[in-house]
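In full-length UniProt numbering, the protein residues as written are 1 to 286.
Using N, Cα and C, we set each Cβ at its ideal position, and we do this for glycine too.
Working notes, beginning with the structure itself.
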Ligand SMILES: [Zn+2]
C-alpha cells in the first residue's frame, strides 16, 4: 500500500516543499489581525501559526493535535483554532477517535493502590472510566496541489482574459493639470498629435506635452482593468507565483504522500510493529 511505503520516506519530498511554499504565499491567516482591526485589541499576533503547523506536519504523518501543540510549543487552543482554519481551506484532514484516558487510569490505580483496594475493584473502576475524544490531524497533499492549481489557474485565466479582451485604455494624455486641460487621447489620435518640428507629441487643445499612460509609465497608478494595466498585472502575477508554479510543475503527475484514513494508518502501524516484533508506539515521521 502506498501510504505504508511513504512511512519510510526520508528527506523532503517535492510535495512537502509545495505545501510549505503554499502556506507562505496564500494562507497567512491571522485571526488576531482580524480581531485587531475589528476591536482594536488582540493579545498576540498569530499570523505565523499556520506556517509553523504546516512545517511541523510535513515532518509527521497522522499526529495527535495535543502532541503537535506540545512539539511546536503552542497552546492546544491556539493550535486547534489554526487547524480548524486549515481544515476549512481543505489543506489538512482531521479525525476524531475515542481513546482510553491513560492518565486518568493511572491516577485511579495509584490512588486505589495507596488505599490497598483489591485488584478486581481497581479493574472495575478503570473499566468505568469514560474514553476521551482525541483528535488527529495530517496534511492532505493531493488537496494542497489541487487547491493551489485551481487558485493560480483561475487568477491567471481571469488576468489573461482581461489582458486580451479587456477595454482598450486611453493611451495618451496631456501633462497639463486636469483643471487646465489634461485631455486624453486614444492610440488612433496619436499620429495627428505628432509635432513634426519637435518630433514630440503635442496636445491639440493646449499644446502641452502628451505622454503615454495606462501602464503606469507616467508614474501614476495604472488605469484600472484596461488591457495595458492587465498585461502589467499579469506579468507581475507571473513573477509572484513563479516559485509555486515551478514547484507545481515539478510535482505534477507524481504521487503525493498518502497516509490513508486514520484507521488504515493505525492498522498498518500495528501490523508493521508486530512484524518487526517491536512494541510499536512512538510518533510517525514521514
Ligand atoms: Zn492639453
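Secondary-structure assignment with DSSP links residue 172 through a beta bridge to 185, 212. Segment contact: the region 79-89 against the region 115-133, fewer than three CB-CB distances shorter than 8 angstroms; contact not assigned.
Secondary structure at residue 14: helix, using DSSP grouped into helix, strand and coil. In this structure, 252 is the residue among 252, 184, 76 with its C-alpha nearest to the C-alpha of residue 15. Of the candidates 61, 129, 93, 51, 51 places its Cα closest to the Cα of residue 78. Note: residue 200 is bridge-paired with 195 in the DSSP secondary-structure output. Sorting 256, 249, 234 by C-alpha distance to the C-alpha of residue 142 places 256 at the top. Judged by DSSP in its simplified three-state form, residue 129 adopts coil rather than helix or strand. With a cutoff of 7 angstroms, residue 176 counts as near ligand 1, since its C-beta is closer than that to a heavy atom of the ligand. Ranked by how close their Cα comes to the Cα of residue 111, the residues 49, 149, 125 have 125 in first place. By the Cβ criterion, the region 169-185 is not in contact with the region 233-246, since fewer than three pairs of Cβ atoms, one from each stretch, lie closer than 8 angstroms. Nearest neighbour of residue 147 by Cα position, chosen from 74, 238, 86, turns out to be 86. Proximity of the region 268-275 to the region 147-160 falls short of the contact definition, fewer than three beta-carbon pairs being nearer than 8 angstroms. Residue 154 carries a helical assignment under DSSP once its states are collapsed to helix, strand and coil.
In this structure, DSSP gives residue 139 an extended state, which the three-state scheme calls strand. With a threshold of 16 other beta carbon atoms within 10 Å, residue 60 meets it and is buried. Taking non-hydrogen atoms of ligand 1 into account, the C-beta of residue 236 is found less than 7 angstroms away from none of them.
Only exposed fits residue 70, as fewer than 16 other CB atoms lie within 10 angstroms of its CB. By the Cβ criterion, the region 203-210 is in contact with the region 176-186, since at least three pairs of Cβ atoms, one from each stretch, lie closer than 8 angstroms.
Look at residue 266 here: in three-state DSSP terms it is helix. DSSP places residue 107 within a helical segment (H, G or I) once states are collapsed to three.
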